[in-house]
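Below: the structure, in structure tokens.
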Amino acid sequence: MIDNKLKSILLSVQKPARYTGGEPGCIIKNKDEVDVRFAFCFPDTYEIGMSHLGMKILYDELNKQDYIWCERCFAPWTDMMAKMKEHNIPLYTLESKTQLKEMDIIGFTLMYELSYTNVLAMLDLAGIPFYAKDRNESHPLVIAGGPCTCNAEPVADFFDIMVLGEGEFLDVEVCRVYNECKKQGLSKLETLKALSKIQGVYVPSFYDVKYKEDNTIESVTPLYDAPIPCNKHIVKDFAHLPFPTDTVVPMAGAVHNRAMVEVLRGCIRGCRFCQAGFIYRPFRERDKDLINQGAIDLCKNTGYEEVSLTSLSTSDHSQLEDLLDDMVPWTQKEKVNIALPSLRVDNFSESLIEKTTKIRKSGLTLAPEAGTQRLRDIINKNVTEEEIEKTAKIAFEGGYTHIKLYFMMGLPGETMEDIKGIVDTAQKIIDIFWSMPNRPKGKPEVSISVATFIPKPFTPFQFFGQNDGELIKEKQAYLLECAKSNKRIKVSYNNPQESLLEAVLARGDRRLAPVILDAYFNGCMFDSWYECFNYDAWMASFEKYGVDSRFYANRFRPYDEINPWDHINYGVTKKFLVEDYERSLQAITSRPCNKQCYSCGANKLLGRACFEYSKN
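With numbering that gives the first Met the number 0 applied, the sequence shown has no gaps in its numbers, which climb one by one up to 615 at the end.
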């Protein structure tokens, strides 16, 4: 039925291939021969979702189980959504065209806070009640995973469970326990009780939150013997963990349409602004031989001509040079380009450039993050001016003429001198180009991309109040003024209103759920897309429910205040975050954690020390 209706509308929407399925590598099973049907829902467009490595990993792992069939579903673009509503077409899975409401489990990945209204849009289009309390035994279990679950309290009331941490084995275990409960005919409540016993499963309705008169949290009380804190799940033996080598190849194109291999997980750095660097701890490397053979198989099976060695900081893999030595012969032979999208300025080398530009040059992006050494020390970037200049010289010698620099503004301790320092850094790089006698042909160009800093949970800067919109606009204007005299420097920055909303949702609590739902009813969707973002509609929803955005985004959080996420354990302790924030106030840097342990707490998830420090 859905197929027939689809055919009648596909030619009237943009990129109809987004909605058809049938791509190479997609997995088709007999629905009558599986016990659990799982819909992996990505709350953004097909092109973005198909670039998501986590989806590829979970799709592969779940479908390895004979009794599970995992299918994909993405948020339809606005034109397709309107057509589906007009023709009464419910949201469906790509593999079998099954309505979402007929699945056993629908799992949303929460990659970024500005996708929350898209989750509601997808539930609405599927005909599934928004709030978990309004769904009965006939509805699928609605679950969430991804980095935002470290504080998904603003959307907690919409989900039955949330999976915390790494999902490869956790999602399989959730499906196994769910299947057992299903076969026993247990109620939804009894099923949730059984699921809550799994490490990494958070059942929001099993925690009662009370508030003080000043709107801060008074207490969080667990119900039904739910764990407090609720601990995230990790893969301990990551070194030998296989990864998918036959993934779905998108037909509609993807933002990152290439083979992707995760070479390590976690980060040894300790950049105080970076949520990923803390919530993905502890640091673990994948075996280099496993990476190499997997990359060979992946490129062979998919036909990709580029393989990306992905991680938070790929150049921190202890055997990266050896790995590249193994990969260069076959990638040259097969005309496959090697991309290293996450390199550090302080360990960038001529060797890395030489080995990764055999086929063609990919773009080069460096991330100093701050414009002065003082501010880089405050944020613990551990990158010096000399290292930035050295890296630029190496890049130019390697034939690059265009370098992109990534910065933030609104960082703790920032002054206007630091804003000027952003342009000064770019100018020094241009000066280096012109000073080189053996510079490449052409003229240098430096692109500056500046994001507004957002304080995120589980970082040392989670206590810091975000700069208000007016101050950010003042800083953006000053940045443009500093750069206007040099045509070789291109400046771009984001909308501070979007950053304000993201900060509210990142540090928010459960009282925001009706605000988010009201914003959706006011037409808010695809909030991370500049052409769709509607700040006024969001502010109207905040006003309607008497919620002050500044309370969540712009105020400093006292150390002893109970944060909405304090009953969740992602590894790093609050004690450590307080200590590291105090170090930032004195501009004291910390060494990478493979050189010195600062007792962040992540080692407890491993049950051992993260590193053999005697060897370092």
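Every residue gets a Cβ at the ideal spot worked out from N, C-alpha and C, and that includes glycine.
Boundaries of the alpha helix (DSSP H) around Tyr519: 512-520.
When DSSP states are grouped into helix, strand and coil, Cys270 belongs to the coil group.
When secondary structure is reduced to three states using DSSP, Trp68 falls in the strand class. Taking Asn291 as reference, the option from Met83, Pro203, Ala74, Val327 with the minimal CA-CA separation is Val327.
DSSP places Cys481 inside the alpha helix (DSSP H), whose first and last residues are 468-482. Apart from sequence neighbours up to five positions away, the residues of its chain that approach Leu374 with a beta-carbon distance below 7 Å are Leu410, Gly412, Glu413, Asp417, ordered along the chain.
Between Ser7 and the set Leu185, Glu46, Glu85, the nearest pair of CA atoms involves Glu85. Counting C-beta atoms within 10 angstroms of its own C-beta, His566 has 16 or more neighbours from the protein chains shown and is therefore classed as buried. Annotated as proximal: Cys147 and Tyr111, with beta-carbon spacing under 8 Å.
At least 8 Å separates the beta-carbon of Val248 from that of Thr309.
Under the 10 Å beta carbon count, Thr220 is surrounded by fewer than 16 other beta carbons and is classified as exposed.
Straight-line measurement puts the Cα of Lys287 at about 7 Å from the Cα of Gln318. For Tyr91, DSSP records a beta bridge to Gln98. Beta-bridge analysis with DSSP links Cys229 to Ile567. Here Tyr569 has Cys149, Lys231, Ile278, Phe457 as same chain residues with Cβ atoms under 6 Å from its own Cβ, once five neighbours each way along the sequence are excluded. Straight through space, the alpha carbons of Ile471 and Gln595 are spaced by roughly 36 Å. Of all alpha-carbon atoms in Asp423, Thr400, Ala425, the one lying nearest the alpha-carbon of Pro439 is that of Thr400.
Here DSSP, grouped into helix, strand and coil, assigns Met408 to strand. Cβ contact annotation for Ile216 (same chain, cutoff 7 Å, sequence separation greater than five): Val208, Tyr210, Asp508, Ile561, Pro563, in chain order. When the Cα atoms are used, Asp315 and Cys69 turn out to be separated by approximately 34 Å. Under the DSSP assignment, Ser498 falls outside any beta strand (DSSP E), being part of the alpha helix (DSSP H) whose first and last residues are 495-505. Runs of the beta strand (DSSP E) lying entirely within the stretch 157-221, each at least 3 residues long, are 160-162, 206-210, 216-221 in chain order.
In the displayed model, Glu32 falls within a helix according to three-state DSSP.
Beta-bridge annotation (DSSP): Met259 is paired with Ser307. In this structure Ile428 touches Ile402 by the C-beta definition: roughly 6 Å separates them, less than 8 Å. The C-beta distance from Ala338 to Arg257 rounds to 7 Å, short enough to meet the 8 Å contact threshold. With the rule of 3 Cβ pairs closer than 8 Å, the stretch 536-544 does not count as touching the stretch 585-594.
Taking 8 Å as the cut-off, the beta carbon of Val141 is found closer than this to the beta carbon of Phe158. Per DSSP, the unbroken alpha helix (DSSP H) holding Thr330 starts and ends at 319-333.
Between Leu109 and Gly145 the beta-carbon gap is near 4 Å, inside 8 Å, which marks them as a contact. The beta carbon of Tyr45 sits closer than 6 Å to those of Arg17, Phe73, Ala251, all from its chain and outside the five residues before and after it, given in chain order. A contact is defined here as three or more CB-CB pairs under 8 Å, and the stretch 266-273 meets this definition with respect to the stretch 444-461. Following the DSSP letters along the chain, one finds Thr116 inside the alpha helix (DSSP H) bounded by residues 115-125. Within its own chain, the residues whose Cβ lies closer than 6 Å to the Cβ of Leu9, once the five positions on either side in sequence are excluded, are Pro15, listed in chain order. For Asn562, the three-state secondary structure derived from DSSP is coil. Per DSSP, the beta bridge partners of Phe39 are Arg71, Gly106.
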